Every structure is written in C-alpha cells, then in structure tokens.
Amino acid sequence: MPARHFVKYTFLKLDPAWRRLGDDARAAGKREFAAACADFAEGHLLRAFSTVGTRGDSDLMLLSQAQNLDRIHEFHVVLGQSGLMKWAQVPYSFLAMTKPSEYSDESRLEVRPAHGKYLFVYPFVKTRAWYALDADERYRIMQEHIALGREYPQIELNTSYSFGLDDQEFVVAFETDDAAAFGDLVQRLRTTESSRYTLRDTPVFTCISAPVERALAALDGEPLAAEIEVGL
Amino acid sequence: MPARHFVKYTFLKLDPAWRRLGDDARAAGKREFAAACADFAEGHLLRAFSTVGTRGDSDLMLLSQAQNLDRIHEFHVVLGQSGLMKWAQVPYSFLAMTKPSEYSDESRLEVRPAHGKYLFVYPFVKTRAWYALDADERYRIMQEHIALGREYPQIELNTSYSFGLDDQEFVVAFETDDAAAFGDLVQRLRTTESSRYTLRDTPVFTCISAPVERALAALDGEPLAAEIEVGL
Amino acid sequence: MPARHFVKYTFLKLDPAWRRLGDDARAAGKREFAAACADFAEGHLLRAFSTVGTRGDSDLMLLSQAQNLDRIHEFHVVLGQSGLMKWAQVPYSFLAMTKPSEYSDESRLEVRPAHGKYLFVYPFVKTRAWYALDADERYRIMQEHIALGREYPQIELNTSYSFGLDDQEFVVAFETDDAAAFGDLVQRLRTTESSRYTLRDTPVFTCISAPVERALAALDGEPLAAEIEVGL
Amino acid sequence: MPARHFVKYTFLKLDPAWRRLGDDARAAGKREFAAACADFAEGHLLRAFSTVGTRGDSDLMLLSQAQNLDRIHEFHVVLGQSGLMKWAQVPYSFLAMTKPSEYSDESRLEVRPAHGKYLFVYPFVKTRAWYALDADERYRIMQEHIALGREYPQIELNTSYSFGLDDQEFVVAFETDDAAAFGDLVQRLRTTESSRYTLRDTPVFTCISAPVERALAALDGEPLAAEIEVGL
Amino acid sequence: MPARHFVKYTFLKLDPAWRRLGDDARAAGKREFAAACADFAEGHLLRAFSTVGTRGDSDLMLLSQAQNLDRIHEFHVVLGQSGLMKWAQVPYSFLAMTKPSEYSDESRLEVRPAHGKYLFVYPFVKTRAWYALDADERYRIMQEHIALGREYPQIELNTSYSFGLDDQEFVVAFETDDAAAFGDLVQRLRTTESSRYTLRDTPVFTCISAPVERALAALDGEPLAAEIEVGL
Chain S
407 MPARHFVKYT FLKLDPAWRR LGDDARAAGK REFAAACADF AEGHLLRAFS
457 TVGTRGDSDL MLLSQAQNLD RIHEFHVVLG QSGLMKWAQV PYSFLAMTKP
507 SEYSDESRLE VRPAHGKYLF VYPFVKTRAW YALDADERYR IMQEHIALGR
557 EYPQIELNTS YSFGLDDQEF VVAFETDDAA AFGDLVQRLR TTESSRYTLR
607 DTPVFTCISA PVERALAALD GEPLAAEIEV GL
Chain B
407 MPARHFVKYT FLKLDPAWRR LGDDARAAGK REFAAACADF AEGHLLRAFS
457 TVGTRGDSDL MLLSQAQNLD RIHEFHVVLG QSGLMKWAQV PYSFLAMTKP
507 SEYSDESRLE VRPAHGKYLF VYPFVKTRAW YALDADERYR IMQEHIALGR
557 EYPQIELNTS YSFGLDDQEF VVAFETDDAA AFGDLVQRLR TTESSRYTLR
607 DTPVFTCISA PVERALAALD GEPLAAEIEV GL
Chain E
407 MPARHFVKYT FLKLDPAWRR LGDDARAAGK REFAAACADF AEGHLLRAFS
457 TVGTRGDSDL MLLSQAQNLD RIHEFHVVLG QSGLMKWAQV PYSFLAMTKP
507 SEYSDESRLE VRPAHGKYLF VYPFVKTRAW YALDADERYR IMQEHIALGR
557 EYPQIELNTS YSFGLDDQEF VVAFETDDAA AFGDLVQRLR TTESSRYTLR
607 DTPVFTCISA PVERALAALD GEPLAAEIEV GL
Chain X
407 MPARHFVKYT FLKLDPAWRR LGDDARAAGK REFAAACADF AEGHLLRAFS
457 TVGTRGDSDL MLLSQAQNLD RIHEFHVVLG QSGLMKWAQV PYSFLAMTKP
507 SEYSDESRLE VRPAHGKYLF VYPFVKTRAW YALDADERYR IMQEHIALGR
557 EYPQIELNTS YSFGLDDQEF VVAFETDDAA AFGDLVQRLR TTESSRYTLR
607 DTPVFTCISA PVERALAALD GEPLAAEIEV GL
Chain V
407 MPARHFVKYT FLKLDPAWRR LGDDARAAGK REFAAACADF AEGHLLRAFS
457 TVGTRGDSDL MLLSQAQNLD RIHEFHVVLG QSGLMKWAQV PYSFLAMTKP
507 SEYSDESRLE VRPAHGKYLF VYPFVKTRAW YALDADERYR IMQEHIALGR
557 EYPQIELNTS YSFGLDDQEF VVAFETDDAA AFGDLVQRLR TTESSRYTLR
607 DTPVFTCISA PVERALAALD GEPLAAEIEV GL
C-alpha cells in the first residue's frame, strides 16, 4: 500500500543586506545551502522555485517531501546552518500531508517530480457551512468543480492536507506551463457552486520551477535561463 | 491576433539608512537601477512613478510588461543587483495578465505608454455573491458601472487579471491628469449596484508619473519638475 | 470660485536609535526638518502636532495643504533630505481632497489655521449598505448626525475626501480645546442612525497642536509648554 | 465636583540588544527611567506592572493618570529621554478618560492606588447593534452583567472611555489577587446577554503589580519578590 | 483537592544574526538557557519542543507549568538573562490555567510529562452564538465531539483556559505519536455540530517533543535524533 507523505513548502526572503556581502561570502553561503538540498534529495523529493519578479515578500521556495517528519525537520536544521540562512527570513511556511481524496480517484500520495514550468501554490480554507452539508451534497458539488478542471488537461493539481498540522485546511499546488490557461481556469471556477464555500484562498504564489543552483543564482544576479530545464 | 501580456507592479520603500550613505554611493546605486530599467525598456513597456508625498509605505513604483514572464523575472533579478535594491524593501507587488473584458469592447491587451500625470492603482476582489449571479445579470449590472465611467472621458482605465497568479482578482489602474475628477468618479461609483459586490479595493496608490531618472532623483532630494514630461 | 485643496496627514515615528545620536546631530536634523517646513509654509497651510504621550506608534504629525499635489510631493522630497528623516518611519499617511459637502452648507475648501489645542483625526469608511440607500434617505439620516454635532459649538469639523486617492473614503479631523466634550460627542453619535453605516473609523489619533519647533523639541526632551501658542 | 481624569496605559518591549549592553549602561538607563516616574508620581497616580512571563510582546506597563493631558504628554517626553527608552518600543498604547457610568452608581473618576496583585487590562468595543437598542433596554441588559460581577467582590473594575481619543471605546482594567476567580468570572460573563454585543475584547494583558524599580529590575534579571509590596 | 495550575506556552524565534556569532558565544548562550530550564524543572513541569521544519515563524517552544504565576514570571526573568534570549523574539505566547471541564469527567488539572512525539497546539475561540445556547444544548453538542475524539485513543487532549488572562478562550494541545491520525481526526471534527461554533482555531503549531538540550542543539546544527527520547 502506498504511504502518505509529509509535504513542506518553505518560502525564503533574503535580507537586502545579504547582497552587500562580498562575492565569496555569498557564493559560500549558496554552496552550503545547495549541499544541504543535495543531501536531502538523495532519497526524497525536493524541488526549488524562484519567486523573484512574481512576489515582493519571497525570493525562493523549496518543496520537500518525506514519509517521516523527522527527515523534514533534519533537512531544515541542516539548511539553517548554511551561510545563506544566516541572512534569510521564512515569511511563509506550509506543512501538510498527502491523502487519498474523498471526491476523486486521482488521488496522489506523493508530489511528483517536476512536469511544468510554473507551480501555483496557495493555502485553502473552506467555510464551516461547507462541512455542515451532508456528504452526498458535498460530493455532488465537487463533481462540477472537478469536471471544469478536466477541461484543462495541461494543468495538474496536487492537494495536500493541513488539518491539525498548520494554519490552513489544504495546500493546493497547480502545475503547468500555461499561466494564462491557469488564470482562466481559476476565474471560471469562481462561478461554480463549490466556490461559494471558500473562506480563504490567499496568498497565491506564482513559483517558477528551477534546479536549486539556478534558483540560488537568481538571488544575486543570474536569471533563470529562458529554456528552463525542469527537475533537480 | 494580439497577445496577452504579463503586467507587474513593483512598489519600493527605501530603508531610511540609505539616505545616510555618501553621495557617490547613492548616485551609483541609482545609476545601476536606471541601467537595469533602460535594458528592459528596450522592447518592453516600462513606466516609473513616484509615491513620495502620497504614501508613507512606498517611495517609487515600477510598472513592467512582457508577453513572457521570464522577461519580468529576469528584469527583477538584474534590478536586484543594483546598489539601490541593497537598501530597499518591496512592500507591495502585484502580478497580473491582460485579457479581453467580458463586459466591454474596449479591451486592452497592453498597458500603453504614459498619457496622464497620475496613475491610481488598486487591487480588486469581488464577493462570491457576485459570481453566483448569472452571466446576463452580471452583464446588466456592469453596464451601469461602465456608463458612469464614460462620463469621465479624461480618465482611462487599465484592468488586468490576477486570478490564480496573485492575491487579488484584478489590478485596476486609472490614468488621468485630473485627480479631483477621478475622486468624484470613484465616489459616484459607490452608489452603483455593482459596488455592492466589492469585497476589497484597498490599498489605493496615487502614483505620479515620471521618467525613471526623475523618480529616482525624488528619493534623495530633487522633486519631480512642476511640468512633468510623461513617458520614459 | 474657491478651489479644492489636497490635504496630507503625515505621521512620523522616530527610530529609538535616533535618541542615541549626539546632541549636535539631533539638533542639525531637526533644524533641517524645520527649514523644510518653513519653506513650504510660505504660501501653504502647514500645521504640526505632537503625539508623544497619546500614541505608541507615532511621535509627530504634519498636516500640509496645497491646491497642487506637486507642492505636497515636493515638500515631502525636501523633508526626506533632512537629517531627522534619515531615522524616521511614516507609520500612517492619509491623502485627501477638500470638497463641498452633500449634506451641509458649512463646506470647507481649506483646512484653516489652528484654532484649537487638539486635533482628533481618523480615517473613515462607510458600509456599502449606506450607498445603496437613496440620496434623500442618506440626507435625512445625516441631518440627525449634524444636529447632534451642532450641540457642541466648541468643536469644529474638517472633512476631506480620499475616494480613489487613498485607503479610506474620508479623513475626518475634529478641532477643539475640550477633549472631554469631544469624547462625549463621539459616544453620543454611536446611537444615531448614521452610526450603523460605519464600516471603519480607526485608528484614532489625539494630536496636540504645536509650532513645528515645539513639536520637534518634544522628540528629545522638551515638552510642549503648558500654555501652547496655537498656529505656526 | 470631582474631575474627570485622563488615563494612559503604556506598554514597553525592550529590544533584545538592550540586554547585550554593559551593566552600567543598563543600570543608568533604568535609573533615568525611574527618576522620570518618580517626578510624575509627585502629584499624580502612577503604577507599574511587569508582563515578563505573561506576554511575549510586552515587558512592562505604566499606568499614568492626570486631569490635564499636558502632564501625560510631558511625562512621556521626559521618559523618552531615559537611556532605557533608547532601546524600547511601545507595542501597545491606550488613552482614555474616566467618566461616571450610565449603568452603575459605582462610578470612578480616578484610578486608585494599587489594591491587588494583578491588573487584567483589555480594550473593548461594542457592536453597533448595541447602540441601536434603546437606552432602557441597554440598561436592563447591563444589570445582569453587573449582578454577575458583584458575585466576585474580590475583583474590582476600572472602566475608562476612549471614544474619539483612541482605537477602542473603553479600556477595562480588573484588579484582584485571585486570577483563577477572574478567569471564571470572564468565562461566566460569556453567557450573559450583554456578551452578544461585544465586537472586540482583545488583546488581554495579565499585568503583575510592582513598584517601578522592581518592574525595571525584572527586565534584566531580578524577578519580582514572591511577596510583592503593592503601591509605588 | 488537586489544585489548578498556570500553563504557559512560550514560542521563540532566533534572529538569523545569532547564527553568525562564534561557536563559543552560541554554546554559552544555550548553556545559560538550559540552566534556567533545569532550575525551573526542579519542582515544576517543563517541556521543550522543536518547531524547526514545521513553522517558519518559530524555532522552539517551552511549556512551563506552576500553581503560582510568580514562578512562571520568575522563570521567564531568568531565561531572559541567558545569552540566547539576547538574540530571540517571542512571536507567540499563550497563558492559561487548568480547570475541570464542564463537559467531560476526564478533567486534567496538570499537564503531564511527555507521552508522545508530537504536541499539536492552537488557541481556540468560540462564537458568541455558542454561549447563547442553553447549557443542556451545549452539553449535548459536546458529546458528539467527545465521542469522535474517543475513536482515537492514541491521541491525548490537554485543554487549558485563557478567559480573561490572554487573547484566546482556550489553549488546546493534542499529544500523539501519530500525526496522520491526528490530521484525520481534526478533519472529521469539521463536520460535527460543535464545529459550527468555532470562531478561531489558528495558528496551529506542530511541535516535536525533545529534551531541552536537543531542542537547543537543533537551533544551530544538530537535528533531533531519529529515535527521540521523550521527557526532559
């Protein structure tokens, strides 16, 4: 039986003072950060994303996954020892677990390696009125939502569950190369019945997929290449 | 067929400590910033605005536009390397895309070069009750809103779409030389039926159009000239 | 015909580190700040207020007024060059315009020179339900509000309009020597019909009128005199 | 006729860097702070409280009272000159006035000298629905609230009025030696009719009464004694 | 008769600059912190938790308990003198008391020594509509909630009461080795009737139990061991 996984989204914002350090100090700090990522990536899924140019309050996002929460704790301890983290804040952090869906067979017990250029991530909370509906009614309402999503096969959804673990109920992450289509889908979903039961679905993060070293390079001067190679 | 564009609003606030630096350091930092802007402006729309004297939490706003989000990412990476950005925060950031309107033929697929002295910018979110109305009803309600706007031909509206990309649904930007007329229009719009479906329309930014160099000069001592030359 | 004016409320909070500077540096910083104020005050209304002892998040407030927003921008650029502003934040900022009232003949197109010891300032937003009432109904409801205000002739009201310009709809500023009477009036206004349509009326600032130099002196050790001379 | 008083609650949070200063610097800073308190306390009520161990965002609270707001302003100007305030923020500040109650004869026109070990303080705002009730109805509802309070004679209430002066309507301060009884009273008050008209009653501060010097000593190493002497 | 206890949850976040200090300074700071904990733990319950890798805004949590609030105050005064606290903020702090439950016989007057690997902690506030129900109705509704909890015997609940003492009504803390089961329980509780009366139940903290020294070691490089020994 496939196992459930912990999924962690860690957003970093560099202190502007970090860019005032010398080249060597910055390079060493990034090397140590990349080494911690490489260690964790042996045996666990790890993906990096740049948010430079899409957000003002975040520069880089790491998505880490493990069956054992100890591994994610350990990864963040080691990461915290890198020179880069001595100048970084963590403005957003989402902890969740994978879980089979009540509403769909396409359940995902693991976040998969990169398929798309963008990952659109947001925390999600439903109103309590939603949970007061009976299960059949909730199932019916979700089918309209799911059917609309299927009109966009180029967009892949990962849902993970934060109940009891973190400040949201779900963390949703949509992966695609087509940002315009994704925006259109989200706008169309506003008119579905399920949308009336949304309590909170912000902040929304447009994350650009990149190997760890490229996401780090974007922090002090080297943009991601036009042709981004997906995957670590 | 004209293409949709990404539109990015980037607001900057300088650390007061920046003003304690020597003249040379400040001048170099601004030169590097202006050079990054000039590079991007070759082939893309870029506009600068000063918010000194209109906001307490922002000093300068850059509006950048590109068909490819990579170009906006790249621009912000390069910008981040300027000396100025080593002392700046980004208190607000809005990412959106242009798109033909459902309600009006005057659709805009590009933000245009400067026409007015002021740009009034705010993020915009409608209530879920709005989206529960049927499409005809929404169309009817928007016509009253649009008709009122047409009584103010000196005010030009740019709407862009943030669904799925950022924390708001729309970013609206009104351009005009006549701030009093704009204030009157917004006050009159409060009594329209469409206004009842507004969930959030703040913060509101009064942005004064200026060439990049003038917007930068306003950061450390030289006000925009009384007669502002519009355009980069 | 009298012209409408822009009105700007600028609240400053000094970094505690400023008080660790030497006497000369602090004195020079305040002199430069006062000089910028004196320049602007030639031909424009400018008033200063101390909030030391009334607020924790603000030390000083400047109220500036001009027919042309360029003058207010220019004033803040010059002010920003003073030594004092190199150690100050602007925790609150309100931009508005004067305008004749729909509900009262006592319209004010200019904020007037100081008459009172205190200025009580707050941003004000009405519910959308208010704007859904028809104009006659709104007029009727405002008459009760205005009549109650007239029972307190020692309190003078300045209302300015922020629609489209800033995060609130109105900035209201009540001027009086009698803080207790003002508190009583505000408490009594809670039971009026108009009060049910208030969405937001905070933060509230109790501002103590003072010449610029006295408001500056209160930042590092010299309280406003018991007998305050009103006016610049 | 007894006069109404201004009441000011000033909460301080020390920068952790203050604890890195040498012993002499810290001692001098506290001495200057205590001297400012002693000056004000000649002729005015002044009380000090430690919040070390009860709050994370505040270390010390001063309650000052005067008939003339100038005295409170003056006190805070002088306080601001102490070495301690060069390393302190004011995360919370409440300004209010005493006033006879509409609902009870036990009106208080002065906060009295310390009687209890704890002061429980919070800002308080009622819903607008409350103010839409007629005066008799409000009176009736308050009697249940007051009767319940009288079952706890060991708890003393001070209410002061912030309408028009600050961000809340009331500042309430309960004084007692018995924290458990106070918690029980507040829990029981939740089921009264008056409780349905509460809009906001947080943050809540558990303040431990102490002479100024003891509250200052608790900032850098010396806990309040087990047997606290109440009063300045 | 067993006595009620004060319970204090203190969350710490280290300034990234702390990690830039030398090894000796960091080691001394942690030693002093651990010594303060050891002193308090003689005669009082004290538990430590790491939140590295589960939260972005907290690194470590201390849970302290005493019958006398003076002991908790004293503990935090001494803790504040450690080198570590000279570089730490307290982003969250919850103060509460134990109390027999109205709804269940399984009342707890003390938080017990560690049984589980995780402690899931959050502040909890009910709507005022809950308190308007009569006591029998509230009792009936809570029985469904409690029955569902009993289906998860591997999860142990500690509830403490903050009415009048702090910003929430309750602090709830669930202890278990099985995070997935806990997440499932919380998700299932959303559909109970009692859930409709929840006003606020965030932030949620996933806290990993550890001896004080291990929780401290995780701050600068040594992860908690895979096999964590529970208890101090």
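Residue numbers (this note's numbering), protein chains in the order written: chain S, 407 to 638; chain B, 407 to 638; chain E, 407 to 638; chain X, 407 to 638; chain V, 407 to 638.
Don't be surprised by glycine CBs; every beta carbon is placed ideally from N, CA and C.
Bear in mind the structure is a predicted one, so any value in this text is a computation, not a measurement.
message: Can you find the residues in the same chain that come closer than 7 Å, C-beta to C-beta, to residue 618 of chain X, ignoring five residues on each side of it along the sequence?
response: So the list reads 440, 443, 454 and 638, once near-sequence residues are dropped.
- prompt: Out of B:574, B:521, B:434 and B:409, which has the shortest C-alpha to C-alpha gap to residue 614 of chain B?
  reply: B:521
message: Looking at the ligand PLP, does it come within less than 6 Å of residue 589 of chain S, judged from the CB to the closest heavy atom?
response: Absent from the structure shown: the ligand PLP. Ligands present: none.
Minimum Cβ-Cβ distance from residue 569 of chain S to chain V less than 7 Å: Using beta-carbon distances, residue 569 of chain S counts as an interface residue toward chain V, with a partner under 7 Å.
message: Suppose the cutoff is 8 Å on Cβ atoms and the five residues either side in sequence are ignored; what does the same chain contact list for residue 612 of chain S look like?
response: 457, 460, 461, 524, 526 and 585
query: When the Cα atoms are used, what is the spatial distance from residue 588 of chain B to residue 570 of chain E?
result: 7 Å
- prompt: In the structure shown, what three-state DSSP assignment does residue 625 of chain B receive?
  reply: helix
- request: Could you tell me whether the Cβ of residue 462 of chain S comes closer than 7 Å to any Cβ of chain B?
  value: yes
message: Just verifying my parser: in three-state terms, what is the DSSP assignment at residue 409 of chain B?
response: Taken through DSSP and simplified to helix, strand or coil, residue 409 of chain B comes out as coil.
- request: Please name the residue, chosen from E:432, E:540 and E:475, that lies closest to residue 494 of chain E on a Cα-to-Cα basis.
  value: E:432
- request: Mind checking which residues open and close the beta strand (DSSP E) that includes residue 471 of chain V?
  value: 466-472
- request: Name the one or two DSSP bridge partners that residue 419 of chain S has.
  value: Bridge partners of residue 419 of chain S: S:495.
message: Within 7 Å of any Cβ in chain X, is that where the Cβ of residue 537 of chain V sits?
response: yes
query: At least one CB of chain S closer than 7 Å to the CB of residue 507 of chain B: is that the case?
result: no
- prompt: Can you tell me whether DSSP reads residue 632 of chain X as helix, strand or coil?
  reply: Reliability fails at residue 632 of chain X, whose pLDDT of 46 lies under 50, so the model's placement of it is uncertain and the value that follows must be treated cautiously. Coil, per DSSP.
task: May I ask you to verify whether the segment 480-497 of chain E touches the segment 420-428 of chain B, counting CB pairs closer than 8 Å and requiring at least 3?
output: yes
query: Once you ignore the five residues that flank residue 350 of chain B on each side, which residues in its own chain have a CB closer than 7 Å to its CB?
result: Any question about residue 350 of chain B goes unanswered here, given that chain B covers just 407 to 638.
task: Would you verify that the beta carbon of residue 602 of chain B is, or is not, closer than 7 Å to some beta carbon of chain E?
output: Yes, because at least one Cβ of chain E sits closer than 7 Å to the Cβ of residue 602 of chain B.
field: Three-state class that DSSP yields for residue 614 of chain X in the structure shown
entry: strand
- request: Can you pull the chain E residues whose beta carbon is under 9 Å from the beta carbon of residue 627 of chain X, in chain order?
  value: Under the 9 Å cutoff, chain E gives no residues; its nearest Cβ is about 22 Å from residue 627 of chain X.
- prompt: When you compare each of S:528, S:542, S:537 and S:543 to residue 578 of chain S by their alpha carbons, which one comes out closest?
  reply: S:528
- request: Decide if residue 518 of chain B is buried, meaning its Cβ has at least 16 other Cβ atoms within 10 Å, or exposed.
  value: exposed
- prompt: Looking only at DSSP bridge pairs, what is residue 592 of chain V linked to?
  reply: Looking at the DSSP assignment, residue 592 of chain V forms no beta bridge with any residue, so it has no partner.
- request: Return yes when the Cβ of residue 630 of chain S is within less than 7 Å of the Cβ of residue 465 of chain S, no when it is not.
  value: The beta carbons of residue 465 of chain S and residue 630 of chain S sit no closer together than 7 Å.
query: Between E:573, E:576 and E:500, which lies nearest to residue 414 of chain E when the distance is taken from Cα to Cα?
result: E:500
- prompt: If you drop the 5 nearest sequence neighbours on each side, which residues of the same chain put their C-beta closer than 6 Å to that of residue 417 of chain S?
  reply: 464, 467, 497 and 498
task: Please check the pair residue 568 of chain E and residue 576 of chain E, which I expect to be a contact at CB under 8 Å, by giving their CB distance rounded to whole angstroms.
output: The C-beta distance from residue 568 of chain E to residue 576 of chain E rounds to 6 Å, short enough to fall under 8 Å.
query: Is the Cβ of residue 496 of chain B closer than 7 Å to any Cβ of chain S?
result: yes
- request: Would you verify that the beta carbon of residue 573 of chain V is, or is not, closer than 7 Å to some beta carbon of chain X?
  value: Residue 573 of chain V counts as touching chain X.
field: Contacting positions in the segment 475-490 of chain E - beta carbon closer than 8 Å to chain B
entry: Cβ contacts with chain B: 475, 476, 478, 479, 480, 481, 482, 483, 484, 486 and 487.
message: Would residue 501 of chain X pass as an interface residue toward chain E - the criterion being a Cβ-Cβ separation below 7 Å?
response: yes
query: Using a Cβ-Cβ cut-off of 8 Å (strictly less than) and excluding sequence neighbours within five positions of residue 633 of chain X, which residues of its own chain qualify?
result: The predicted position of residue 633 of chain X is uncertain, since its pLDDT is 46 and thus under 50; no value can be drawn from it.
field: C-beta atoms of residue 419 of chain B and residue 622 of chain B nearer than 7 Å
entry: no
task: Run down chain S in chain order and give the residues with a C-beta less than 9 Å from the C-beta of residue 492 of chain B.
output: 422, 423, 424, 425 and 426
- request: Less than 8 Å between the CB atoms is what I'm expecting for residue 509 of chain S and residue 548 of chain S, so what's the real figure, rounded?
  value: That belief holds up - the Cβ atoms of residue 509 of chain S and residue 548 of chain S are roughly 4 Å apart, short of 8 Å.
query: Cβ of residue 410 of chain E less than 7 Å from any chain B Cβ?
result: yes
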